[in-house]
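Okay, structure first, notes after.
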Amino acid sequence: MLQIEKIRKTFPGVVALDSVSFSIAPGEIHTLLGENGAGKSTLMNVLTGLYRPEKGQILLDGAPVTLNSPRDSLGLGIGMVHQHFMLVPAHSVFENILLALDNIPHFFSRKTLKKKIGNVIREFDLDLDLDAPVWRLSIGAQQWIELIKLLMRNCRLLILDEPTAVLTPQESKRLFIVLGKLKEQGKSIIFISHKMREVMEISDRVTVLKKGRSLTTLQRGDFDEKRLASLMIGEDQIPQWEKQTHVVDDDVVLQIENLSVHNDRGLSDLENFDLSLKRGEILGIAGVAGNGQKALAEVLTGLKTATAGKILAGEDDITDSTAKRSYIAGIAHIPEDRKSIGIAPDMTVDDNLIMKSFKSRAFRNWIFQDRKAIRSNAEAKIDQFAIKAGPAGNPVRYLSGGNIQKVIIARELSERPAVLVALYPTRGLDIGSAEYVHKVMADGAADGMSTLLISEDLDELLKISDRIAVMFRGRLIGCVDPLKTSREEIGLMMSGEGAP
Amino acid sequence: MRLIAEKRENSSRLFRFSAPFVSVLIALFVAGFLLIFAGVNPGEAYVEIFREALGSSYGLSETLVKTTPLIFAGLGVSLAFRMQIWNIGAEGQIYMGAMGASWVALFSGIQNHWIMLAAMFSAAFCCGGLWAGVAGFLRAKWRVNEVIITLLMNYIAILWVDYLVYGPWKDPKGFNFPLTAQFSDAARFSEYFDTRLHSGFFLALFCALLIYLFMERTIWGYEIKVIGSNPKAAQYAGMKTGMAIFLVLFLSGAIAGIAGFSEVAGLQHRLQHGISPGYGYTAIIIAWLAKRSALGVVIVSFLMGVLLVGGDSLQISWQLPVAFVYAFQGLILFFLLASDFFIQYRVRLKGGRANG
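Line order of the protein sequences matches chains Y and E.
Residue numbers for the first sequence follow our numbering, so the first one is 1249 and each next one is one higher.
Residue numbers for the second sequence follow our numbering, so the first one is 6 and each next one is one higher.
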């Protein structure tokens, strides 16, 4: 149906796509696989009309087409579900769908339109209340809306950009059922994901992208997880490490008692939350994004204040401390949103590495900064954490996502914290960098550092956690031992059902 | 065919360095048309500007006299800019600084020259600082937009000084002009080389040096830069952004206030109506053009000083309206901002054969 031939797209100084070709047939689920920076997003932006390729062509049903804007693409039946939903939270489901429709007569009947949408909902067996405001819906349901928007416009090619990143395993399963139905109807689906398991489950064909080139396209049956992983990473080195079976002390370094946090709307992000973290433990926190993990991290690091309850670090009550004081109390924080709160983008790597310790005597003489000490600190950190920092004096925003993450981690760990709170530390990192982050946490644990690892990647949690706590709607559902628990059990807990 | 702007990977050093000068040349060229419409030969007019402003020791001294308040106010504004705080109120802060210094000079009765100047300095510093501090406090406490507050407080300050010089502070022997009595000799700066050039100029240079060291070398400068680059990250790193906002706006206003002190102590020797003919607004342009460096403020202030003095002479020699000088300033700003864009982006004409 759609054929992409030798697409090339460059940005100043970077070749984002270099002669990329692949094709997709009607009724096919075609997966695009690749590390970050391999060119997946650029390719999708070409298909949705945001970017125009310099070379190559796009053939739709054998005829070359030009896509100058997302409107063109939609007009030809190419639609995309973005990672971040394009919804108006305060409006109802119906109004959001209405917004996306073209060619609505000036006077239209809500009734017939609702009936039409209702048909689609029934057809795919979704449960969705058209009159509910969007902000009240779960993330999974919001994704349905995005899908319905595209179906109402009769899109023939649906592009899904990491659709399962925000879903529970159960919600993902439902999504796959819907995708299967769409496939039966002859719709084509381009699926983007990092999660090998899903790729194996639903793909008819897989195209692997690497460094802007389409390496190869494999038919179902020709690929397995190992094959795909090695294609994706290629000859890149992955740091090898073994999880050491270290002894977790019984010393509790962080004790959370009956903690509640309310947000701006007065709703509770955390509700009567109890948890204890032991010395040298890696405690995984599982849960679908938006179930209070961020509030937990922020209240622990002093960015939010608790409405009720207590946080004890050793003997000290740190419930009401500011960010600075809790740092002194020994909590480091790898924030979720690294670019918006983790770094000062226009400043150099050197400057970013001392952001939390610029007042320390090591980096100043009286009121003056000790540039030499700051520089040598940076050199040491760049070396130790293998940061690709570019020339000295480079603003940190020129670094890739993985390297920015390394800068933050290097900074947070430099003061030898007793506790590390890491929010989605490997989200968006390529496999090599992610492995590196895991290694750092495991090494820290061996040295007695306790880590609170908040993640939505169950494989990651199962791999390195000593214990996994599951959160749902701001509550602790339960704690499980990763060695004795299956993905399915955790998944069930993530959706709020069942506890061990 | 269509025009597209692309981000430049790296702009050459030569280009970055020469772009501002080329912009000034283009501005001169365009302003030339204005001059022609006004019936003046642009060539002669430009020669006149530079001869008047730089050609004689008298002209040069007058240029430096005009440069002085611009450096102070420019430093103040640019300090706040570093933190992404927009202090549009330097004009009002100059007036309040001048008022504070005048109050000490007129009513304190201090005889000693140095104590008198130190007291005037402190009064100007505090008055300017507190005037801007109001906006700083509101911004830090309730996130009130500092642009509006600082701007509107200009009018209050200017009218307040007017009230004083038309009313209670008016010189009884001043033939009813809106000005105070002359300061005593203790409250005056020294003047140099038989010109109006006074100690304020050297104080301004010293101040620029201090600000440079403050911003580039101290831990506080670092803190300001982090907050300016990303306030959320600063907060996350444990910095008290609210306090920093207040202090930086206070300091910003205080430095602008010193400009008022320097004007009354060095030049006017009294407080009067219209003590600043818009230096505070020119300072915004200066801070913007100087990007972030204190040295840049000094250079750009000097350039603006040349324009002001040269513009005055245009008014005298050709009876051009003062609006011409403002138009000229505007054109220079316009082209310099454009050059900024061209340094960061390159524009290409993209032919779309296949794409239409």
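Beta carbons are placed, not taken as given, at the ideal position from N, Cα and C, and that holds for glycine.
On a predicted model such as this, the values are computed, not experimentally measured, just so you know.
Subject >> Secondary structure of E:THR155, DSSP reduced to three states >> reply: E:THR155 falls in the helix class under three-state DSSP.
Original post:
Tell me which same chain residues have a C-beta within less than 6 Å of the C-beta of Y:ALA1747, skipping the five on either side of it?
Top reply: Because Y:ALA1747 carries a pLDDT of 49, less than 50, the predicted location of this residue cannot be relied on, and no value is offered for it.
Original post:
Does Y:LEU1551 come within less than 8 Å of chain E when only Cβ atoms are used?
Top reply: Interface residue, yes.
Subject >> Reduced DSSP category for E:GLN320 - H, G, I as helix; E, B as strand; rest coil >> reply: Assigned with DSSP and collapsed to three states, E:GLN320 falls in helix.
Original post:
Using a Cβ-Cβ distance under 8 Å, would E:ILE224 count as near chain Y?
Top reply: E:ILE224 has a beta carbon lying within less than 8 Å of a beta carbon in chain Y.
Subject >> Contact set between Y:ILE1589 and chain E, taken where Cβ atoms lie within less than 7 Å >> reply: Going along chain E in sequence order, the residues near Y:ILE1589 (Cβ under 7 Å) are LYS237, ALA238, TYR241.
Original post:
What is the DSSP secondary structure of Y:ASN1511, reduced to helix, strand or coil?
Top reply: Residue state, collapsed to three classes: coil.
Subject >> Between the CA atoms of Y:ALA1477 and Y:GLU1449 - distance to the nearest angstrom >> reply: Here the alpha carbon of Y:GLU1449 sits roughly 15 Å from the alpha carbon of Y:ALA1477.
**OP:** Helix, strand or coil for E:GLN187, going by three-state DSSP, please let me know.
**Re:** Three-state DSSP puts E:GLN187 in coil, outside helix and strand.
**OP:** Compare the C-alpha of Y:GLY1327 against each of Y:LEU1408, Y:SER1462, Y:THR1290, Y:ALA1592 and name the closest.
**Re:** Taking Y:GLY1327 as reference, the option from Y:LEU1408, Y:SER1462, Y:THR1290, Y:ALA1592 with the minimal CA-CA separation is Y:LEU1408.
Original post:
Using the rule of at least 16 other Cβ atoms within 10 Å of the residue's Cβ for burial, across every protein chain shown, is Y:LYS1458 buried or exposed?
Top reply: Buried, since its Cβ has 16 or more Cβ neighbours within 10 Å.
Original post:
If we ignore side chains and look at the alpha-carbon of each, how far apart do Y:LEU1415 and Y:GLY1325 end up?
Top reply: Approximately 26 Å between the Cα atoms of the pair.
Subject >> Partners in chain Y for E:SER234, counting only beta-carbon separations shorter than 7 Å >> reply: By Cβ distance, chain Y contributes ALA1592, PRO1593, ASP1594, MET1595.
Original post:
How do the region 119-134 of chain E and the region 256-271 of chain E stand: do at least 3 beta-carbon pairs fall below 8 Å, yes or no?
Top reply: Contact between the region 119-134 of chain E and the region 256-271 of chain E is present, because at least three Cβ pairs lie under 8 Å.
Original post:
Taking C-alpha atoms, which residue in Y:GLU1519, Y:THR1279, Y:ALA1561, Y:LEU1405 lies nearest to Y:MET1480?
Top reply: When only C-alpha atoms are compared, the closest one is Y:THR1279.
**OP:** Spell out a yes or no on whether the region 303-310 of chain E and the region 65-75 of chain E are touching, meaning 3 or more CB-CB pairs, one atom from each, closer than 8 Å.
**Re:** Yes, since at least three Cβ pairs between the region 303-310 of chain E and the region 65-75 of chain E fall closer than 8 Å, the two stretches touch.
Original post:
Where does Y:ASN1520 fall in DSSP's three states?
Top reply: Residue state, collapsed to three classes: strand.
Subject >> C-alpha distance - Y:GLU1302 paired with Y:ALA1264, whole-angstrom precision >> reply: Near 11 Å, if we compare the C-alpha coordinates of Y:ALA1264 and Y:GLU1302.
Original post:
Going straight from the alpha carbon of Y:THR1553 to that of E:SER195, what length do you get?
Top reply: Those two C-alpha atoms are separated by around 57 Å.
Original post:
Can you name the residues of chain Y whose CB is closer than 9 Å to the CB of E:LYS230?
Top reply: Result: ALA1592, ASP1594, MET1595, ASP1599.
Subject >> chain E contact for Y:PHE1521 (CB, 8 Å cutoff) >> reply: Taking Cβ atoms only, chain E never reaches closer than 8 Å to Y:PHE1521, which makes this a no.
Subject >> Closest residue to Y:GLY1528 among Y:SER1436, Y:HIS1686, Y:ALA1690 (Cα-Cα distance) >> reply: Nearest of Y:SER1436, Y:HIS1686, Y:ALA1690 to Y:GLY1528, Cα basis: Y:ALA1690.
Original post:
Does the beta-carbon of Y:ALA1380 have 16 or more other beta-carbons within 10 angstroms, so that it is buried, or is it exposed?
Top reply: Y:ALA1380 should be labelled exposed.
Original post:
Closer than 8 Å, CB to CB, is Y:GLN1418 near chain E or not?
Top reply: Under the 8 Å criterion on CB atoms, Y:GLN1418 is classed as non-interfacial with respect to chain E.
Original post:
According to DSSP, which residues form a beta bridge with Y:ILE1533?
Top reply: Y:ILE1702, Y:ALA1717.
Original post:
Can you tell me whether DSSP reads E:ARG353 as helix, strand or coil?
Top reply: Here DSSP, grouped into helix, strand and coil, assigns E:ARG353 to strand.
Original post:
What do you get for E:THR68, buried or exposed, if any count of 16 or more other CB atoms within 10 angstroms of its CB means buried?
Top reply: Around the CB of E:THR68, 16 or more other CB atoms lie within 10 Å, so the residue is classed as buried.
Subject >> Cβ separation of Y:ILE1652 and Y:ILE1615, assumed to be a contact under 8 Å, to the nearest whole Å >> reply: The pair is not a contact, with the Cβ atoms about 30 Å apart (cut-off 8 Å).
Original post:
Is the shortest distance between the beta-carbon of E:TYR217 and the beta-carbons of chain Y less than 8 Å?
Top reply: It does not: the Cβ of E:TYR217 has no partner Cβ on chain Y nearer than 8 Å.
Subject >> Neighbourhood of E:HIS203 by C-beta distance below 6 Å, restricted to the same chain and skipping five residues each side >> reply: Within the same chain, and ignoring the five residues on either side of E:HIS203 in sequence, the residues whose Cβ sits closer than 6 Å to its Cβ are PHE194, GLU196, GLY271.
**OP:** Name the two residues that bound the continuous beta strand (DSSP E) containing Y:ILE1582.
**Re:** Unbroken beta strand (DSSP E) run through Y:ILE1582: 1579-1582.
Subject >> Complete beta strand (DSSP E) runs within the region 1410-1462 of chain Y (minimum length 3 residues, chain order) >> reply: Entirely contained in the region 1410-1462 of chain Y, the beta strand (DSSP E) runs reaching 3 residues are, in chain order, 1436-1440, 1453-1458.
Original post:
Can you find a CB in chain A that lies within less than 8 Å of the CB of E:TYR227?
Top reply: Looking at the structure shown, chain A is missing, and the protein chains on hand are Y and E.
Subject >> Assumed close pair E:PRO177, E:ASP167 - CB separation to whole angstroms, cut-off 8 Å >> reply: In this structure, E:PRO177 and E:ASP167 do not form a Cβ contact; the two beta carbons are roughly 18 Å apart against a cut-off of 8 Å.
Subject >> Buried versus exposed call for Y:TRP1383 [16 or more other C-beta atoms within 10 Å across all chains shown] >> reply: Its Cβ having fewer than 16 others within 10 Å, Y:TRP1383 is exposed.
**OP:** Measuring only between beta-carbons, confirm whether Y:ILE1615 sits less than 8 Å from chain E.
**Re:** Put simply, the CB of Y:ILE1615 is near chain E, with a gap under 8 Å to one of its CB atoms.
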